[in-house]
Amino acid sequence: MTSPRVTGALLRRTTATLVTVLALTGCSSGARPSADDAGQAPVDVPRDVATCESFAAADGQRARNGDTLPALSLPCLVPGEDVALDDLGDRPVLVNLWASWCGPCREEMPLLQAAYERSRDRIGVLGVDTEDTPSAAASLLADLDLTYAHVVDREKELLTELGAPGLPVTLAVAADGTILDRQIGQASADRLDELVSLLLADAASTPP
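As structure tokens, then:
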């Protein structure tokens, strides 16, 4: 028979391991809104939030080297055309998967806004609101004064395709659609600068 003392020690070690994993990966989808909340009517998005027009598919077939985003089309948070994730146009894009219920997501989003304001003439920034509700997403954008574009992924299809254990996830996607680098979990300011630098270098090497 297993000693109660041994069982208690094992439980404590298991709990500590789970806490460490969640701290490293960010938010699991267990914190997501209820199904009833997910079905509520759309709400008004702050008027300063960008549309998704700049992510229209590029003309012609593009050469690809390595991993790419899956062939998913997601609706823009600002009403308009759906966005094809496997063809985000002709410039590099910083893609960030987030949700209003994810604390680490909220903490890093002002850094993404700053990157957008500094570099939007050379790279794109696209948020992917994941397994969230329209009202909560719109409220967060207003609270944080976020103005870069967002698409909506209610069923967390992209997160599942990427095989990531939780949010946030940030991807540096080259102009040809190749994923240059990825950050699983909350990114520091230095880490985001590293991803943006990759994209700026790609933009500089991409023919007009």
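Take the sequence shown: its letter number 182 is residue 1124 in my numbering, and every next letter is one higher. For each residue, glycine too, the CB sits at the ideal point set by N, CA and C.
Rounded straight-line distance, which links the Cα of residue j to that of residue i
i	j	result
S1147	L1140	11 Å
A1145	R1133	19 Å
A1013	V1093	14 Å
D926	A992	There is simply no residue 926 to check, as the chain begins at 943 and stops at 1150 in what is shown.
L1027	N1038	12 Å
S1077	W1043	12 Å
D978	L1019	Low confidence applies here, because D978 scores a pLDDT of 45, under 50, leaving its location unreliable; read the following figure in that light. Roughly 19 Å separates the two Cα atoms.
D1029	A1106	21 Å
V1025	Y1090	14 Å
T1085	P1150	Note that residue 1085 is Asp in the sequence shown here, rather than Thr. Going by the C-alpha atoms only, they are around 37 Å apart.
R1048	A999	29 Å
C994	V1070	12 Å
S996	D1032	9 Å
P1052	W1040	12 Å
E1050	T1075	20 Å
R955	D1135	Low confidence applies here, because R955 scores a pLDDT of 46, under 50, leaving its location unreliable and the question unanswered by this model.
L1154	D1087	Beyond the ends of the chain as shown, which are 943 and 1150, falls residue 1154; an answer cannot be given.
CB of residue i within 8 Å of CB of residue j, strictly
i	j	result
L1109	G968	yes
A1101	T1072	According to the sequence shown, residue 1101 is Leu rather than Ala. Yes.
L1137	T1112	yes
P1046	Q1125	no
L1083	P1017	no
V1067	A1057	yes
Sheet register partners of residue i (DSSP bridge)
i	result
R1124	L1113
S1228	In the structure as shown, the chain starts at 943 and stops at 1150, and residue 1228 therefore has no counterpart that could be examined.
G1066	V1035
W1040	D1071
C969	L1109
T1010	T1120
A1091	L1068
Nonlocal neighbours in the same chain, by C-beta distance under 6 Å from residue i, ignoring five residues either side
i	result
L1122	A1114, A1116 and L1140
S970	G1108
G1008	T1120
Any chain D beta carbon closer than 8 Å to residue i
i	result
T1075	The chain inventory of the structure shown lacks chain D, comprising one protein chain alone.
Residues near residue i by beta carbon distance below 8 Å, same chain, minus five either side
i	result
L1142	P1034, S1061, R1064 and I1065
Q982	Only weak support exists for where Q982 lies, its pLDDT of 46 falling under 50; the coordinates are left without a value.
Close-in-space but distant-in-sequence residues of the same chain around residue i (CB under 7 Å, 5 per side omitted)
i	result
T1010	D1028, G1119, T1120 and I1121
E1099	L1014
D990	T1089
L1104	V1111
S1130	none
Residue i CB to nearest heavy atom of the ligand MG below 7 Å
i	result
R1133	By its list of ligands, the structure shown contains no ligand whatsoever, and the ligand MG lies outside what it can speak to.
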